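Scroll down for the structure; my scribbles are underneath it.
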Amino acid sequence: MILKGKVHKFGDDINTDDIIAAKYLVSTDEKELGKHCLENIRADFVQNIAAGDIIVAGRNFGCGSSREHAPLAIKGCGISAVLARSFAGIFFRNAINIGLPFLELENTGQISEGDDLEIDLSTGSIKNLSKEKIYKTQAFPKFLEQIISRGGLINWVKASNKRVKKK
Amino acid sequence: MGFTIAEKILASHSGKKAVSPGEFIEAKLDVALGNDITAPIAIAEFKKSGVKKVFAKNKIVLVPDHFAPAKDLRSANQCKILADFAKEQSIKHYFEVGCMGIEHVLLPEKKLVLPGDLIIGADSHTCTYGALGSYATGVGSTDLARAFIDGKCWFKVPATHKFIYKGKLNKWVGGKDLILYTIGNIGVDGALYKVLEFGGPVIKQLGMDDRFAMSNMAIEAGGRAGIIEPDARTLKYCQGASRKFKVYHSDKDAVYEKVYEYDVSGLEPQVACPHLPSNVKPVSALTDIELTQVVIGSCTNGRISDLRVAAAILKGKKVKSGLRLIVIPATQNIYLQAAKEGLAEIFVKAGGIFFTPTCGPCLGGHVGILTEGERCLATTNRNFIGRMGSPRSEVYLSSPAVAAASAITGRITYPEEI
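Those protein sequence lines, which keep their order, are chains D and A. This note's numbering puts the first sequence at residues 1 to 167. This note's numbering puts the second sequence at residues 1001 to 1418.
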């Protein structure tokens, strides 16, 4: 799958309270959560994105809470993928499990706010159309690739689990 | 080659002789936990899967604690989703208001989590139970939904970092200070995707409440778990458990990716400044920071020994005029015990409030939300931007002793000063 969009840049340690503040956790609807994505640290973020845009961040993206509302809010506001130098453990799981495209990229420092990127998820290759550069990322391990290709954890379990198959 | 306690627990639950860091495994869970924020998504995903019955009604724990007692209509709806699901599925360990407490204090207290267990919780501070010598880790709602289906979870086996604490602790210094000092030293991603294993002579001397506070904040350094090997104190704590458990120890020749050794003699109480738990300074460097609110409670420091320390400092004293002191015992048992011992009276007479168990202000839920320009010192675990309310408010993190002393003076204070 090819994803194309403009870059919105963030720094290190973007936490789940930044991504979606706790006061909005009375909803589980991704569109509603999406309206408040990242508002505590960039109040006009949601107003300035077009569908397909891409978040590029530093280290430890998604640190903090378990709240799956965070990747849901990112999906819900129209962001197509997140690139970061590293991801926090629970956010990493959540993104895999709900099917939010994300890639680890060491040199996110070479990408600037507003750059146009084209991401080929099948090869992990990222084209920076604004800077005419190509960045390579590591493919997901096979185990995770299976979950991703099934469209998330529950579908993967449904395909492999006897309790689900029987019904 | 030997193995760490984390590797042994993960191996035994995945039917393998051994596991090594980086390996993907599927493992059987002893306990799967959800709360009023995370379980509603898990329950919806479970229902969508088409499976009719949860894998085991006695291994799932549901605790409405974040926005409970329901702070508003929408929170009430979320709490009701838990109550209805618990009833429909005959979930044995559902804790309604009146029985409930903050999940990570409640589950050990009820002996629902035990040494050697493999536990997931759809809450990042699930790592608290590592203090019992279990492998306990925070996951998301979809992981919890999957656990409802077949009682399993996928893991990428983390490498372990060992932290050894030596020396003699000063008065007023405990588990909270040790973990803040550690996070300050290694950073909020210093143990990203690692197990933190805490040990050494200082840890052996710590009571269980202090150990829970340390394991609780392993996630604040990026850790997947924060484990302390069980000892006589752990086993005493687990007396009366209604099921058998297995005690694991790390081998002498276990492989650690990193080993840190700290001499903590002379360490001052530690305080994390806005807006990261790693922004840590000794308390004496911050004594001119004025406060509008002090919160004593949470899954980090809402236990009885925390309340005892705070009450000993506040006894016969008054909270600084204009400052709000909010004390929240973490469970009903702790609430009762604090009342029996006269601690509740001390807090109220000092001019504080003594609230019913809830996560409440820690995540800016309810009971003590901060507005623009306000500053709180809390015994909680996170001080991110807007964590307790307005993005233009500030949260500092400390031990209950520092929090209590600071409530009296209205600024961050070394308890020695009182």
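Here a beta-carbon is modelled for each residue, glycine too, at the ideal position from N, C-alpha and C. Since this is a predicted model, take the numbers as computed values, not measurements.
1) Roughly how many whole angstroms lie between the Cα atoms of A/Ile1406 and A/His1275?
2) How far does the beta strand (DSSP E) with A/Val1202 in it extend, from its first residue to its last?
3) Taking just the CA atoms, how far does D/Ser125 sit from D/Lys170?
4) Mind checking the segment 1283-1307 of chain A against chain D and listing, in chain order, the residues whose C-beta falls within less than 9 Å of any C-beta there?
5) Look at A/Leu1314 and A/Phe1347 and say whether their C-beta atoms are less than 8 Å apart.
6) Quick check: the Cα distance between D/Lys167 and A/Leu1192, rounded to an integer number of angstroms?
7) Would you tell me roughly how many angstroms separate the C-alpha atoms of D/Leu121 and D/Ala95, rounded to the nearest one?
8) A/Asn1127 by DSSP, collapsed to three states: which one?
9) For A/Ala1006 and A/Ser1134, I'd like the C-alpha separation in whole angstroms.
10) Just list the beta strand (DSSP E) runs in the segment 99-147 of chain D, keeping only unbroken ones of 3 residues or longer that don't cross its boundaries, in chain order.
11) Along the segment 1376-1404 of chain A, where does the CB come closer than 7 Å to a CB of chain D? Name the residues.
12) Under 7 Å Cβ to Cβ from D/Trp156, same chain only, skipping five residues before and after it: list those, please.
13) For a test of the three-state rule: what should DSSP assign to A/Lys1152, helix, strand or coil?
14) Could you have a look at A/Tyr1414 and say whether DSSP puts it in helix, strand or coil?
15) Return helix, strand or coil for D/Lys167, following the three-state DSSP convention.
16) Return the chain-ordered ranges of every alpha helix (DSSP H) run that is complete within the segment 1245-1318 of chain A and spans a minimum of 4 residues.
17) Compare the C-beta of D/Lys167 against all C-beta atoms of chain A and say whether one is closer than 8 Å.
18) Note down, in chain order, all residues in the segment 17-47 of chain D with a beta-carbon under 9 Å from any beta-carbon belonging to chain A.
19) Decide if A/Cys1099 is buried, meaning its Cβ has at least 16 other Cβ atoms within 10 Å, or exposed.
20) Excluding the 5 residues flanking A/Ile1043 on each side, which residues of the same chain have their C-beta closer than 7 Å to its C-beta?
21) Locate the beta strand (DSSP E) running through A/Asn1035, then write down its first and last residues.
22) Tell me, please, which residues DSSP counts as bridged to D/Asn15.
23) Do we get a CB-CB distance below 8 Å when we pair D/Asp115 with the residues of chain A?
24) Quick one: what does DSSP say A/Phe1046 is sitting in, helix, strand or coil?
25) For A/His1366, which three-state DSSP category applies?
26) At what residues does the alpha helix (DSSP H) containing A/Tyr1181 begin and finish?
27) Give the list of continuous alpha helix (DSSP H) stretches no shorter than 4 residues that lie fully inside the segment 1379-1412 of chain A.
28) With DSSP run on the structure shown, which of helix, strand or coil describes D/Leu153?
29) List, in order along the chain, the chain D residues whose C-beta lies closer than 8 Å to that of A/Pro1040?
30) State yes or no: is the C-beta of A/Leu1010 within less than 8 Å of the C-beta of A/Val1063?
31) Tell me the DSSP bridge mates of A/Ala1159?
32) Just to confirm, is the Cβ distance from A/Leu1144 to A/Ala1122 under 8 Å?
33) Closest to D/Leu117 by CA distance: which of D/Phe91, D/Glu104, D/Asn107 and D/Ile54 is it?
34) With DSSP as the reference, identify every bridge partner of A/Cys1376, one or two as the case may be.
35) In whole angstroms, what separates the C-alpha of A/Gly1034 from that of A/Ser1321?
36) Chain A beta carbons: is any one of them nearer than 8 Å to that of D/Cys63?
Per the coordinate set shown:
1) Indexing the second sequence from 1 puts residue 1406 of chain A at position 406. Indexing the second sequence from 1 puts residue 1275 of chain A at position 275. The identity of residue 1406 of chain A in the sequence shown is Ser, whereas the question assumes Ile. Those two C-alpha atoms are separated by around 19 Å.
2) Locating residue 1202 of chain A in the second sequence gives position 202, counting from the first residue. Segment Pro1201 to Gln1205 is the alpha helix (DSSP H) holding A/Val1202; no beta strand (DSSP E) there.
3) Residue 170 of chain D is absent from the model: chain D starts at 1 and stops at 167.
4) none
5) Sequence index remark: in the second sequence, residue 1314 of chain A carries index 314 (1-based). Sequence index remark: in the second sequence, residue 1347 of chain A carries index 347 (1-based). Yes, they are a contact pair.
6) Your numbering for residue 167 of chain D matches position 167 in the first sequence. Your numbering for residue 1192 of chain A matches position 192 in the second sequence. Residue placement at D/Lys167 is flagged as unreliable, the pLDDT there being 46, under the threshold of 50; the coordinate-derived value follows with that caveat. Cα to Cα, the separation comes out at about 40 Å.
7) As a working mapping, residue 121 of chain D is identified with position 121 in the first sequence. As a working mapping, residue 95 of chain D is identified with position 95 in the first sequence. Approximately 14 Å, taken between the alpha carbons.
8) By 1-based counting over the second sequence, the position of residue 1127 of chain A is 127. Here residue 1127 of chain A turns out to be Cys, not Asn, going by the sequence shown. Helix at A/Cys1127.
9) One-based indexing of the second sequence puts residue 1006 of chain A at position 6. One-based indexing of the second sequence puts residue 1134 of chain A at position 134. Taking the straight line from one Cα to the other gives about 8 Å.
10) 102-104, 116-120, 125-128 and 133-136
11) Arg1382, Phe1384, Ile1385, Gly1386, Arg1387 and Pro1391
12) Stepping through the first sequence from its first residue, residue 156 of chain D is reached at position 156. Gln146, Ile147 and Arg150.
13) Residue numbering aside, residue 1152 of chain A sits at position 152 when the second sequence is read from its first letter. Strand at A/Lys1152.
14) One-based indexing of the second sequence puts residue 1414 of chain A at position 414. Correct three-state label for A/Tyr1414: coil.
15) Along the first sequence, one-based indexing puts residue 167 of chain D at 167. Residue placement at D/Lys167 is poorly supported in this model, since its pLDDT is 46, which falls under 50; the coordinates still yield a value, given next. Here D/Lys167 sits in coil by DSSP.
16) 1298-1301 and 1304-1314
17) The residue you call residue 167 of chain D lines up with position 167 of the first sequence. Reliability of the predicted coordinates at D/Lys167 is poor, the pLDDT of 46 falling under 50, and the value obtained from them is presented with this limitation in mind. Yes, D/Lys167 lies at the interface with chain A (some Cβ there is under 8 Å from its Cβ).
18) Asp17, Asp18, Ala21, Ala22, Lys23, Leu25, Val26, Ser27, Thr28, Glu39, Asn40, Ile41 and Ala43
19) Counted from its first residue, the second sequence places residue 1099 of chain A at position 99. By the neighbour-count rule (16 or more Cβ atoms within 10 Å), A/Cys1099 is not buried but exposed.
20) For the purposes of this step, residue 1043 of chain A is taken as the residue at position 43 of the second sequence. If we look at A/Ile1043 and ignore the five residues flanking it on each side, its Cβ neighbours are Ile1081 and Phe1085.
21) As a first step, residue 1035 of chain A is located in the second sequence; it is residue number 35 there, counting from the start. It spans Val1031 to Asn1035 - the beta strand (DSSP E) in which A/Asn1035 sits, taken as one unbroken run.
22) One-based indexing of the first sequence puts residue 15 of chain D at position 15. Its beta-bridge partners are D/Cys63.
23) Locating residue 115 of chain D in the first sequence gives position 115, counting from the first residue. With 8 Å as the cut-off, D/Asp115 does not count as an interface residue toward chain A.
24) For the purposes of this step, residue 1046 of chain A is taken as the residue at position 46 of the second sequence. Three-state DSSP puts A/Phe1046 in a helix.
25) Mapped onto the second sequence, residue 1366 of chain A falls at position 366. Coil, per DSSP.
26) Translated into positions along the second sequence, residue 1181 of chain A becomes position 181. Element bounds for A/Tyr1181: Gly1175 to Ile1186.
27) 1400-1409
28) Position 153 of the first sequence, counted from the first residue, corresponds to residue 153 of chain D. The answer is helix: DSSP assigns D/Leu153 an H, G or I state.
29) Taking the first residue of the second sequence as position 1, residue 1040 of chain A is located at position 40. Those within 8 Å of A/Pro1040 in chain D are Thr28.
30) Walking along the second sequence from the start, residue 1010 of chain A turns up at place 10. Walking along the second sequence from the start, residue 1063 of chain A turns up at place 63. No; because the gap between Cβ atoms is not below 8 Å, this pair is not in contact.
31) Counting from 1 along the second sequence, the entry for residue 1159 of chain A is found at position 159. Answer is A/Lys1194, bridged to A/Ala1159.
32) For this step, residue 1144 of chain A is matched to residue 144 along the second sequence. For this step, residue 1122 of chain A is matched to residue 122 along the second sequence. In contact: A/Leu1144 and A/Ala1122 (Cβ atoms closer than 8 Å).
33) As a working mapping, residue 117 of chain D is identified with position 117 in the first sequence. Comparing Cα-Cα distances from D/Leu117 to each of D/Phe91, D/Glu104, D/Asn107 and D/Ile54, the minimum goes to D/Ile54.
34) By 1-based counting over the second sequence, the position of residue 1376 of chain A is 376. Beta-bridge pairing links A/Cys1376 to A/Gln1293 and A/Val1395.
35) Translated into positions along the second sequence, residue 1034 of chain A becomes position 34. Translated into positions along the second sequence, residue 1321 of chain A becomes position 321. Whole-angstrom Cα-Cα distance: 39 Å.
36) Locating residue 63 of chain D in the first sequence gives position 63, where the first residue counts as 1. D/Cys63 counts as touching chain A.
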